[in-house]
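**Q**
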Amino acid sequence: MVDLSRLDKQLEQLSQEIESIAMHLLSNEKLRKLIGNMSDNPLSADAPSVEEVFNDVLGFLPIFKKTDEKLNRINIIVTDVSNLGEIQTDYMEVGLRIDFLIPENKWKIPSYIRPLLIMSEIERSISGYKIADLGSLEFDVAELIIPNDGQAGYSMLYKIQNFK
Numbered sequence: 000m001v002d003l004s005r006l007d008k009q010l011e012q013l014s015q016e017i018e019s020i021a022m023h024l025l026s027n028e029k030l031r032k033l034i035g036n037m038s039d040n041p042l043s044a045d046a047p048s049v050e051e052v053f054n055d056v057l058g059f060l061p062i063f064k065k066t067d068e069k070l071n072r073i074n075i076i077v078t079d080v081s082n083l084g085e086i087q088t089d090y091m092e093v094g095l096r097i098d099f100l101i102p103e104n105k106w107k108i109p110s111y112i113r114p115l116l117i118m119s120e121i122e123r124s125i126s127g128y129k130i131a132d133l134g135s136l137e138f139d140v141a142e143l144i145i146p147n148d149g150q151a152g153y154s155m156l157y158k159i160q161n162f163k
């Protein structure tokens, strides 16, 4: 039987940790340049501040608005929480998804394909990131997302390992 009071505490802690994960991601200056600056050469420009990207580009909702004027967007979403078996009911697995969209005409930058570089920086920043008492983030899979004719990006799924 699952200890609901324990699960409640774990979910409450996870809710608080989502913003910490976002701030950890945004501490990566190169990532802020790539996601927050839509110039043709973002790596040679100054990085937007953490606050600018947090307020203007980052979201925590599981959908992108198809009519959204902001074509560059990054969302962090908890996708699923599941029990890992009938015997060890204290062990849970949590999926954390990071979705980002970039205008299609901004994919190519000097020497790089912007979305692949963004994925590299996300992976560099949070793979193995430890969440106190919950476990560490481990990359699972990435998939292309194309919500409309002007935007495309990727959805990166991470699992929180040893969530107990």
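This note's numbering applies: residue 0 is where the sequence shown begins, and numbers increase by one.
Ideal placement from N, C-alpha and C gives every residue a C-beta, glycine not left out.
Please return the same chain residues whose Cβ sits closer than 8 Å to the Cβ of Tyr-153, not counting the five positions on each side in sequence.
**A** Asp-98, Phe-99, Pro-114, Ile-117, Met-118, Ala-141, Glu-142, Leu-143, Ile-144
**Q** What span of residues does the alpha helix (DSSP H) with Pro-114 cover, start to end?
**A** 113–125
**Q** Please confirm whether Leu-136 and Ile-17 have their CB atoms less than 9 Å apart.
**A** no
**Q** Under 9 Å, do Ile-76 and Leu-95 count as touching if we go by C-beta distance?
**A** yes
**Q** Please indicate yes or no: does the CB of Leu-10 lie closer than 8 Å to some heavy atom of the ligand GTP?
**A** You won't find the ligand GTP in this model; it holds no ligand whatsoever.
**Q** What three-state label does DSSP hand Ser-14 in the structure shown?
**A** helix
**Q** From the DSSP output, in three-state form, read off Asp-148 for me.
**A** coil
**Q** Considering Cα atoms alone, identify which of Glu-51, Lys-29, Leu-70 is closest to Leu-42.
**A** Among Glu-51, Lys-29, Leu-70, the Cα nearest to that of Leu-42 is on Lys-29.
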